[in-house]
Every structure is written in structure tokens, then in C-alpha cells.
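Each residue of the sequence shown is one higher than the one before, counting from 1 in our numbering. All C-beta atoms in this analysis are idealised placements derived from N, C-alpha and C, irrespective of residue type, glycine included. Keep in mind it's a predicted model, so treat the numbers as computed, not measured. Worksheet: one structure, shown below.
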Amino acid sequence: MKVTIVGAGLGGLCLVQGLRAAGIEATVYERDPGITARFQGYRIGLGELGDSALRACLPRALHPVLEAVKGDLAGERTRLNHRLERTGADSSALAVAIDRHVLRHLLLSGIGEHVRFGDAFTGYEPLPGGGVRAHFAGKTSSIDSDLLVGADGIGSAVRAQLSPETPVEDSGVRALIGRTPLTERFAALVPGFGTGVSDGEVTMMLGLMRFRVLPGVLNAMAPELGLPEAGHYLRWVIMLAPDHSVLARQDLSMQEIALELTRGWHADVRAVIEDADRDNSVLLSIRTVSPAERWPAGPVTLLGDAIHATSPSGGNGANTALHDADQLRRKLIAVRDGRLPLADAVNAYETDMIDYGTEAVAHSLRELDRFRRPAAAR
Ligand SMILES: Cc1cc2nc3c(=O)[nH]c(=O)nc-3n(C[C@H](O)[C@H](O)[C@H](O)COP(=O)(O)OP(=O)(O)OC[C@H]3O[C@@H](n4cnc5c(N)ncnc54)[C@H](O)[C@@H]3O)c2cc1C
């Protein structure tokens, strides 16, 4: 059995790791010219769903590295007003923090030749005798395989052909997402799991990414890991309701918008914005994809954001993509062992995935609701 995966994001890389460890031939084709091509380094809250999938797919030798690059999250979510006076606290779910960019590097370990960068998928055609031919613009022109997996994110070209009626929905909400090198002054703002600072109109959410062991230290011990250099940082997010007046200010950078929104706030919060790493701070549109009608069963399937893209407010998109990879891996192992025909394995995977994927998107949209309305209406 030969599997072609489109997209070297978290889901695609997790799947190729899991399949290769199971002795199944699999290769990932990625559009970007390299792993560092774009801003990708935000912090993810990894819960049991994603963590157990990662551990199932990564070879055991990499488990200690996975543990070392996590960050611990403990305690409650503190609520502060804009003068940094405590106004309350909420309980938190169990999770650890992980940096997406560092995790992608870890997921590349040992499978270098099975990940092809600079190959953008352009389309596919089912082959008369079974299987599928995938076409690429890049170094590769076409590849035949038994199964094609679209793990190519929210703008999935595989989904566009397989399920063209599945729409991408723009929630209208915009998010300012920044990261600021961690200092003692900034760490004091986050005594627990996370902190929300609010003036009643604008809320800024702060979270720590404090690596148990810095990636550079791990590289010094094992240079073959090739992890990116990264220091501890503070991740901050400000969500903006659709049509917030500040969004019309095209003359302002993302950082200037954040400073405008927090005018008059405590100096420590404003310093977080002022000291942000500009290369890793962005203004994002919050868009989602929810699985629409089921496509005809065949040698093409989807995983992760390509078929269920959540809003970051749900904190579950990466966890669900990793879970997909593990679920599909398990089904393909059953095919390898002669316990299931490939078509039944894909069908069983899709039936479950569409169910829990739909619920993951719905959960993230419920969490997003409070940011859709202008502050006065909340
Ligand atoms: C700011 C932010 C915070 C988040 N926080 C969390 C969190 O705390 N917890 C959580 O669970 N989730 C979180 N998420 C969501 C999570 O990051 C995504 O759900 C997850 O990365 C999806 O993984 P994926 O592999 O499906 O897709 P992606 O990671 O998007 O990867 C898709 C890959 O496909 C490639 N590609 C696209 N088109 C083509 C093509 N035509 N040919 C070849 N390659 C192609 C892309 O270049 C990309 O590398 C957050 C998201 C954001 C933006």
C-alpha cells in the first residue's frame, strides 16, 4: 500500500510518522519551499486527545524530546482589569503548551526524505484500475498511489476537488496574535494557566510558552534533532468583533492597532505589545470549515483543517488534526494486516471523523460567539 499526503502541517507530518513507523509507504508533499517559509510559530494548548495521538505516531526514541519541548500549564485562569487588579478567576482544562514551529521540526525527525518541500498539489484523477494520480506544480509532476490524503489546511485544494460544496466561512472576527520574549516582568502577569486582562470592552489573553528544556539546549545534546532556536515567550491575543472601527485604520500596523485598543492600560501590558517580536505577530481572519455533505467514497480522503477548521477560540484544531492522523493510521494498519479492505478502512475513518470534526468546529464557534458582538452588546 502506498499513501500520498498533501501538506506538511501538524496533521500531515503526524500521519507520515505513524505510517512509516508501521512500515507503510508514505510521502508528504508540501507547497512551501521549506519549513521556515512563513509565520508558523504560535503556541498551542495540547490536551489528551492530541498528546496521545502524537505519542502513538512518533517513534519511542523521540518521546523524551516531545516531553522536553513542552511547557507546563497549571492553576487557574486569572482575570484582571486594565489596571491589573484581580477581578476573578476561572478553572482551566488539563493541557500543556507546545510551540507549533518547534513541534513541526520534531515531526520531521528521521523522515526527511519522505517530506518533499516545494511541491504544490494541483489536482487528482482516480485511476481506472483503482488508486489515484495526484498532480503537482514543482519538482514532482505526478504520483500514483492507493490513497491520497488532503492534509492541506483550511484552503485545501484536495477538498476543493473532492467536496467543492464545503464552504470556508468567515466569522468576521479578527484576532491580533503576538509573541513577546519572556522577561520576569511579563511572567508575573501570568501566575497560573493563563490571564485575561480587560477594560470591559477589549480583552487581551496572555499565555506562557516556557519550554521545559530550550530547543537550543536539546540541539546541543543531539544536533541531529535540528530543532529551531527559540526562547521562552508570552503569547497574547486580542479578538476584535466584526466591523470594529479600528479595523478600518489601514494606516496602522498590527502592533499599533493593539496599542490603540489598550490606550490608558497599565504600562506592563502596553510593554508586552511594544516589545513584541514583529516577525511573529499577525492580524488573522477567523475562518472555519465544517464538513458538509459526505463525498462519494474512494481513494481520496481529508484530515485536519482541510475538512474541519476550527476557530482558535476552541483550542482544539491541532488536537483534532493529530487525532485524525492517529485514527487514519490505525485503520491503515488494519489494511496492512489484511483485516480490512482499503475502501472500508477509509469509510470507517471518515464516518467517525466527520462526526467528531463537526462537533469540534461547533464547539469552537460557541466559544467564539462572545467576540462576534460589539462590546456594548456583550
Ligand atoms: C493563532 C492560532 C492558535 C491556535 N491555537 C490552537 C490551540 O491552542 N490548540 C489547538 O488544538 N489548535 C490551535 N490552533 C489550530 C491549529 O493550529 C490548526 O488546527 C492545525 O495547525 C491544523 O493542522 P493541519 O495539519 O490540518 O493544517 P495546517 O497546519 O494548516 O497545515 C497545512 C499544510 O498544507 C500546506 N498546503 C496547503 N496547500 C497546499 C498544496 N496545494 N500543496 C501542498 N501543500 C499545501 C500548507 O502550506 C501547510 O503546511 C490554533 C490556530 C491558530 C491560527
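Please return the same chain residues whose Cβ sits closer than 7 Å to the Cβ of residue i, not counting the five positions on each side in sequence.
i	result
Pro-215	Val-69, Val-102, Leu-227, Pro-228, Glu-229, Ala-230
Met-209	Arg-43, Gly-71, Ala-97, Asp-99, His-232, Tyr-233, Arg-235
Asn-81	Thr-87, Ser-198, Asp-199
Ile-154	Val-168, Arg-287, Val-289, Asp-305, Ala-309
Ser-285	Asp-170, Arg-174
According to DSSP, is residue i part of a helix, a strand, or is it coil?
i	result
Gly-172	strand
Ala-376	Caution is warranted here: a pLDDT of 48 is assigned to Ala-376, below 50, making its placement in the model unreliable, and the coordinate value is therefore given only provisionally. Three-state DSSP puts Ala-376 in a helix.
Phe-371	helix
His-308	coil
Phe-186	helix
Asp-352	helix
Thr-320	helix
Val-269	helix
Arg-100	helix
Leu-206	strand
Asp-243	coil
Thr-36	coil
Glu-25	strand
Arg-179	strand
Ile-238	strand
Ala-334	helix
Thr-195	strand
Asp-152	coil
Arg-339	coil
Ile-143	strand
Just to confirm, is the Cβ distance from residue i to residue j under 8 Å?
i	j	result
Val-158	Phe-211	no
Ser-313	Leu-368	yes
Met-239	Leu-283	no
Gly-11	Leu-322	yes
Pro-59	Gly-23	no
Leu-66	Leu-54	yes
Thr-1	Leu-206	Going by the sequence as given, residue 1 is Met instead of Thr. Contact flag unset, no.
Gly-150	Gly-118	no
Ala-318	Gly-50	yes
Asp-146	Pro-299	yes
Arg-179	Asp-277	yes
Arg-270	Leu-259	yes
Val-115	Ala-8	yes
Leu-15	Arg-336	no
Ser-311	Ser-171	yes
Leu-94	Gly-18	no
Ala-292	Ser-141	no
Gly-196	Arg-77	yes
Leu-108	Leu-13	yes
Ala-134	Thr-27	no
Phe-127	Asp-144	Per the sequence shown, residue 127 should be read as Leu rather than Phe. Yes. Within cutoff.
Between residue i and ligand 1, is the CB less than 7 Å from at least one heavy atom?
i	result
Leu-208	no
Asn-316	yes
Gly-357	no
Asn-319	yes
Phe-121	yes
Tyr-233	no
Glu-169	no
Ile-44	yes
Arg-100	yes
Glu-113	no
Gly-304	yes
Gly-153	yes
Leu-58	no
Val-6	yes
Leu-84	no
Gly-9	yes
Gly-41	no
Ile-177	yes
Leu-133	The amino acid at residue 133 is misidentified as Leu; the sequence shows Arg. No; taking the cut-off as 7 Å, the Cβ of Arg-133 has no heavy atom of ligand 1 nearer than that.
Glu-125	no
Pro-365	Position check: residue 365 holds Leu in this sequence, whereas Pro was assumed. No, the beta carbon of Leu-365 sits no closer than 7 Å to any heavy atom of ligand 1.
Asp-277	no
Asp-32	yes
Leu-284	yes
Using a Cβ-Cβ cutoff of less than 6 Å, which residues in the same chain neighbour residue i once the five nearest sequence positions on both sides are dropped?
i	result
His-266	Arg-83, Leu-84
Going by beta carbon distance, what residues of the same chain come within less than 8 Å of residue i, once the five residues before and after it are set aside?
i	result
Glu-169	Arg-287, Thr-288, Val-289, Ser-290
Glu-274	Gln-255, Leu-259
His-363	Thr-310, Gly-314, Asn-316
Ser-425	The question about residue 425 has no answer here: the residues shown for the chain are numbered 1 through 378.
Val-213	Ala-68, Val-69
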